[in-house]
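Note sheet for the following structure.
In this note's numbering, the protein residues as written are 1234 to 1312.
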């Protein structure tokens, strides 16, 4: 399970690209989840590397649309 948030005020996170953070994901996994949480984290990282998808996420406030963007992109990168 996970939670997505878009921050109104970006935070300086001392990222390698020197860009402030405005999109945040909280990934929740049970203690015995094995590598499943790493696979989910990998999918999220792939989504965030796609500039078009990130722009669409930033451009909407509709939670259903954001979920669809994340789900569609994750499914297309799962293979």
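Even for Gly, the Cβ is constructed at its ideal location relative to N, Cα and C.
Checklist entry - Do the CB positions of residue 1273 and residue 1260 come within less than 7 Å of each other? => result The residue given as residue 1273 occupies position 40 in the chain shown. The residue given as residue 1260 occupies position 27 in the chain shown. The answer is yes: Cβ separation under 7 Å.
Checklist entry - If we ignore side chains and look at the alpha-carbon of each, how far apart do residue 1253 and residue 1244 end up? => result As a working mapping, residue 1253 is identified with position 20 in the chain shown. As a working mapping, residue 1244 is identified with position 11 in the chain shown. Computed Cα separation, rounded: 5 Å.
Checklist entry - Can you give the Cα-Cα distance for residue 1242 and residue 1255, rounded to whole angstroms? => result Reading the chain shown from its first residue, position 9 is the one you call residue 1242. Reading the chain shown from its first residue, position 22 is the one you call residue 1255. Cα to Cα, residue 1242 sits roughly 7 Å from residue 1255.
Checklist entry - Can you tell me whether DSSP reads residue 1294 as helix, strand or coil? => result Within the chain shown, residue 1294 is the residue found at index 61, counting from 1. Residue 1294 falls in the coil class under three-state DSSP.
Item to check | Unbroken stretches of the alpha helix (DSSP H), 4 residues or longer, contained in the segment 1235-1286 | outcome: 1269-1282
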